[in-house]
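Heads up: the sequence lines are chains A and B, in that order. First residue of the first sequence: 4, per the working numbering; consecutive thereafter. First residue of the second sequence: 13, per the working numbering; consecutive thereafter. Beta carbons are placed, not taken as given, at the ideal position from N, Cα and C, and that holds for glycine. Heads up: the structure comes next, in structure tokens.
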Amino acid sequence: MTTKLLFDRIDEPGLSTLDVYQRRGGYESLRKALAMPPEAVLHELEASAIRGRGGAGFQMGKKVSFLPKGGMDKYLVCNADESEPGTFKDRELMQKNPHMLIEGIVIAAHAAGATRSFIYIRGEYVLQADILDAALAEARAAGFVGERILGSDTSLSLVVHRGAGAYICGEETGLLDSLEGKRGNPRLKPPFPANQGLYQGPTLINNVETLATVPTIIRIGGAEYAQLGVETSTGTKLVSVSGHVCRPGNYEIELGIPSREIIYGLAGGPPAGRSVKCWFPGGSSSPVLTGDDLDIPYDFDSMAKAGTMLGSGAIIVVDDSTPILDVALKVAKFYRHESCGKCTPCREGTNWTVKMLERIDSGEATPMDIEIMASVQEHIIGNCLCVLGDAMAMPIGSMIAKFRPEFEAHIEAARARAGRVDVLAAVGSGAAGGGALAGAAAGATTAVAAQGAH
Amino acid sequence: MSAVPRDAHSSTAPGWDTPADLEKDPATIPDPATTPVPDALRAEIEGHMALYPNFRSAILPALEAAQRVHGWCAPEAIEQVACVMRLTPAELDAVATFYDMLETTPVGRHSVYVCTNISCSLCGADELYDAIREAAGDDPEFNVRSFECLGACDIAPMASVDGTYVGPLTLDDVPQLLDDIRAGREVLPDKQLARRPCADSGARS
């Protein structure tokens with residue numbers, strides 16, 4: 004049985020109230036932290052080696068240490084914009100244990116020297132935002148948030164700020180622009196938020212789960228926390244499992260267990276008689292894996308080595324009843340909708356990808372469209388201010404790479420349905436004609452890529 | 013099988029193809045003397061403005077408040093927010109057109125956001141959305157929208173009714189769902205996310 008640090012008795016009635024939370028030892032970590040100098044608190048965070056739980060997986064302690072020293076206004080922003088498809092872990096944490104997040108925010112602010120903090124919560128999470136508002140009012144009244152907290156020198160204001168429906172506002176710099184009252188367009192990095200963030204001031208931005216883990220790290224000590232999980236992915240992680248599984252939901256696991264244990268052991272696997280066709284290990288932004296990859300350990304580095312990513316820790320399972328084109332089109336449409344429009348490769352590339360996938364389905368595509376589509380994905384990656392474009396290009400690219408025969412068959416079948424078989428015949432039979440054109444397109448792609456390298 | 017339009021370009025700003033009206037005067041900050049604002053709305057907006065080091069951060073909460081009063085981000089709503097915050101309506105329009113929850117056209121009274129993203133779609137959300145839309149018809153009580161991932165994939169397929177998450181929904185639930193909304197009742201109480209226990213059995217002691 005996994006140690007439950009975040010989900011320990013999470014359904015206890017009244018846990019969202021200060022009364023029950025304190026009865027269970029809540030805010031003791033805050034007392035302990037306030038009695039320590041900020042450097043000592045930072046040391047515990049670094050010793051824990053906890054990696055960001057929002058998707059990027061950057062070491063939290065290291066990020067806190069990037070904030071400049073000095074008496075200038077510093078900000079802490081909690082990224083509660085959880086919008087990565089398949090992810091719903093922060094929702095459960097905020098709804099059922101809001102005080103744990105608030106306590107984590109105050110401790111982290113103490114370590115970073117932040118004086119003003121904001122929880123940017125997605126506007127759709129109405130219930131969770133209301134619960135946070137109520138918990139914050141309790142915390143303020145009890146003196147855990149505000150001026151000279153518990154008689155210490157640390158003061159912190161905390162505002163719950165509701166978003167209004169935009170995936171890109173989960174991207175840290177898109178979030179900052181949105182929080183400043185603008186359209187949520189991401190910014191060029193560097194400069195990083197640690198130096199120029201909210202209102203151009205030093206800002207620490209962390210995910211809900213990361214901050215919610217801080218009270219535990221202070222309670223048991225960073226070194227103790229690092230004993231859990233595996234060396235480069237320490238601790239426990241909440242994993243949201245959804246799609247074609249019998250028991251979708253959030254599960255707290257120790258990082259490094261085989262993925263099969265999560266998908267089949269905890270979530271029950273696909274319905275009887277069906278098998279895993281492909282699965283996203285880290286939300287819809289992650290390259291897909293197949294049924295052959297179920298024994299890969301679920302941790303940051305193993306996933307990276309497998310050519311994908313752990314991301315937000317959201318596993319979406321697709322079974323063999325679903326055509327790959329449906330998955331690709333649904334995913335591509337999401338990114339086209341959510342592209343903020345600032346950078347051309349993303350704004351146009353997401354649109355082209357959707358159109359090409361639609362043409363594959365409508366019978367208007369030829370095998371060359373697969374080459375062009377693959378090429379478009381390559382030209383999006385690494386060429387924009389943020390990784391939303393990459394977030395479409397990586398999974399789509401992986402689907403093309405792993406399911407190419409199915410895409411080709413889909414093209415042929417759709418063309419036959421639309422009565423366009425004669426055009427394919429004129430071009431040459433599937434292998435020869437398509438191969439020649441595909442070869443030409445691939446050659447052109449290589450030439451462009453070579454030019455781009457100079 | 014309909015042809016995919018070849019010249020349908022991408023843009024994330026509605027009105028991209030609409031030419032600017034050059035006959036109009038430049039946008040100005042609305043004059044309080046000629047822009048009546050309900051007291052409660054003014055107080056709410058000013059309350060938000062006071063929370064931030066930079067008052068512009070209150071734009072989003074202010075627009076949401078005005079939308080609650082007017083039913084959508086109507087020109088009148090934008091004018092009122094602009095007047096209180098001393099900004100131009102154009103700046104507020106730029107923000108309002110970016111966010112999915114801010115309605116820039118008149119909509120039905122009760123929002124029904126049906127998630128049609130990947131996890132819900134794998135569980136039949138597209139058929140559910142079609143069924144709800146058809147059943148709602150053009151009843152002004154309902155604003156039925158297909159929405160991106162609402163963060164409730166564990167109850168897929170699901171919908172958010174005026175902010176309340178309900179699921180997993182079946183096609184049989186659709187009449188009851190709309191009925192509950194019309195009657196002002198709690199929507200499908202047994203299917204509300206708020207009542208759902210954690211899936212992780214180890215979380216219970």
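Distance CB(residue i)-CB(residue j) smaller than 9 Å
{"i": "leucine 459 of chain A", "j": "asparagine 100 of chain A", "result": "The requested residue 459 of chain A is not part of the displayed model; chain A covers only 4 to 457."}
{"i": "leucine 205 of chain B", "j": "threonine 176 of chain B", "result": "yes"}
{"i": "aspartate 84 of chain A", "j": "tyrosine 123 of chain A", "result": "yes"}
{"i": "leucine 161 of chain A", "j": "isoleucine 221 of chain A", "result": "no"}
{"i": "leucine 201 of chain A", "j": "leucine 179 of chain A", "result": "yes"}
{"i": "isoleucine 384 of chain A", "j": "aspartate 393 of chain A", "result": "yes"}
{"i": "alanine 108 of chain B", "j": "cysteine 85 of chain B", "result": "yes"}
{"i": "proline 12 of chain A", "j": "arginine 216 of chain B", "result": "With the sequence shown as reference, residue 12 of chain A is identified as arginine, and proline is not the correct amino acid for it. Their beta carbons are under 9 Å apart, which means arginine 12 of chain A touches arginine 216 of chain B by this criterion."}
{"i": "glycine 90 of chain A", "j": "cysteine 135 of chain B", "result": "The displayed chain sequence assigns threonine, not glycine, to residue 90 of chain A. Not in contact: threonine 90 of chain A and cysteine 135 of chain B (Cβ atoms no closer than 9 Å)."}
{"i": "proline 88 of chain A", "j": "isoleucine 319 of chain A", "result": "yes"}
Alpha-carbon spacing of residue i relative to residue j, whole angstroms
{"i": "alanine 421 of chain A", "j": "arginine 186 of chain A", "result": "42 Å"}
{"i": "asparagine 386 of chain A", "j": "tyrosine 338 of chain A", "result": "16 Å"}
{"i": "histidine 60 of chain B", "j": "glycine 225 of chain A", "result": "38 Å"}
{"i": "leucine 34 of chain B", "j": "lysine 65 of chain A", "result": "52 Å"}
{"i": "aspartate 105 of chain B", "j": "tyrosine 111 of chain B", "result": "11 Å"}
{"i": "cysteine 165 of chain B", "j": "serine 131 of chain B", "result": "6 Å"}
{"i": "threonine 219 of chain A", "j": "tryptophan 355 of chain A", "result": "47 Å"}
{"i": "alanine 138 of chain A", "j": "arginine 125 of chain A", "result": "17 Å"}
{"i": "glutamate 257 of chain A", "j": "aspartate 142 of chain B", "result": "41 Å"}
{"i": "aspartate 14 of chain A", "j": "alanine 211 of chain B", "result": "10 Å"}
{"i": "methionine 97 of chain B", "j": "glycine 74 of chain A", "result": "30 Å"}
{"i": "glutamate 264 of chain A", "j": "lysine 405 of chain A", "result": "23 Å"}
{"i": "serine 120 of chain A", "j": "isoleucine 108 of chain A", "result": "8 Å"}
{"i": "glutamine 380 of chain A", "j": "glycine 58 of chain A", "result": "21 Å"}
{"i": "methionine 97 of chain A", "j": "proline 251 of chain A", "result": "19 Å"}
{"i": "isoleucine 41 of chain B", "j": "tyrosine 254 of chain A", "result": "51 Å"}
{"i": "alanine 270 of chain A", "j": "threonine 182 of chain B", "result": "21 Å"}
{"i": "proline 300 of chain A", "j": "histidine 82 of chain B", "result": "52 Å"}
{"i": "valine 49 of chain B", "j": "alanine 140 of chain A", "result": "29 Å"}
{"i": "threonine 100 of chain B", "j": "leucine 21 of chain A", "result": "43 Å"}
Close Cβ partners of residue i (< 6 Å) along its chain, the five nearest in sequence each way excluded
{"i": "glutamate 367 of chain A", "result": "none"}
{"i": "proline 189 of chain A", "result": "Glu174, Thr176, Gly177, Leu388 and Cys389"}
{"i": "leucine 8 of chain A", "result": "Thr219 and Thr239"}
Collapsed DSSP secondary structure at residue i in the structure displayed
{"i": "cysteine 165 of chain B", "result": "helix"}
{"i": "proline 31 of chain B", "result": "coil"}
{"i": "isoleucine 327 of chain A", "result": "helix"}
{"i": "proline 201 of chain B", "result": "helix"}
{"i": "arginine 407 of chain A", "result": "helix"}
{"i": "glutamine 62 of chain A", "result": "strand"}
{"i": "serine 181 of chain A", "result": "helix"}
{"i": "cysteine 172 of chain A", "result": "helix"}
{"i": "valine 23 of chain A", "result": "helix"}
{"i": "glycine 17 of chain A", "result": "coil"}
{"i": "proline 300 of chain A", "result": "strand"}
{"i": "tyrosine 177 of chain B", "result": "strand"}
{"i": "tyrosine 64 of chain B", "result": "coil"}
{"i": "proline 261 of chain A", "result": "strand"}
{"i": "serine 342 of chain A", "result": "coil"}
{"i": "threonine 116 of chain B", "result": "coil"}
{"i": "valine 49 of chain B", "result": "coil"}
Residue i - partner residues in DSSP beta bridges
{"i": "valine 244 of chain A", "result": "A/Gly252 and A/Ile318"}
{"i": "asparagine 210 of chain A", "result": "A/Asn82"}
{"i": "leucine 292 of chain A", "result": "A/Trp282"}
{"i": "cysteine 127 of chain B", "result": "B/Phe159"}
{"i": "phenylalanine 154 of chain B", "result": "B/His122"}
{"i": "serine 155 of chain A", "result": "Serine 155 of chain A pairs with nothing; no bridge assigned."}
Beta-carbon contacts of residue i that lie in its chain and below 7 Å, excluding the five residues immediately before and after
{"i": "aspartate 51 of chain B", "result": "none"}
{"i": "arginine 197 of chain B", "result": "none"}
{"i": "arginine 362 of chain A", "result": "Ala368 and Asp372"}
{"i": "glutamine 188 of chain B", "result": "Leu200"}
{"i": "proline 41 of chain A", "result": "His113, Ala114 and Gly116"}
Same chain, Cβ closer than 8 Å to residue i, neighbours up to 5 away in sequence not counted
{"i": "threonine 325 of chain A", "result": "His247 and Lys280"}
{"i": "glutamine 62 of chain A", "result": "Glu49, Ala52, Ile53, Arg54 and Gly55"}
{"i": "leucine 153 of chain A", "result": "Leu33, Arg34, Leu37, Gly146 and Phe147"}
{"i": "aspartate 202 of chain B", "result": "none"}
{"i": "glutamate 150 of chain A", "result": "Ser158"}
{"i": "leucine 360 of chain A", "result": "Leu328, Ala331, Leu332, Ala335 and Met376"}
{"i": "tyrosine 267 of chain A", "result": "Leu297"}
{"i": "isoleucine 134 of chain A", "result": "Ser19, Met97, Gln98 and Pro101"}
{"i": "proline 261 of chain A", "result": "Leu297, Asp298, Ile299, Pro300 and Tyr301"}
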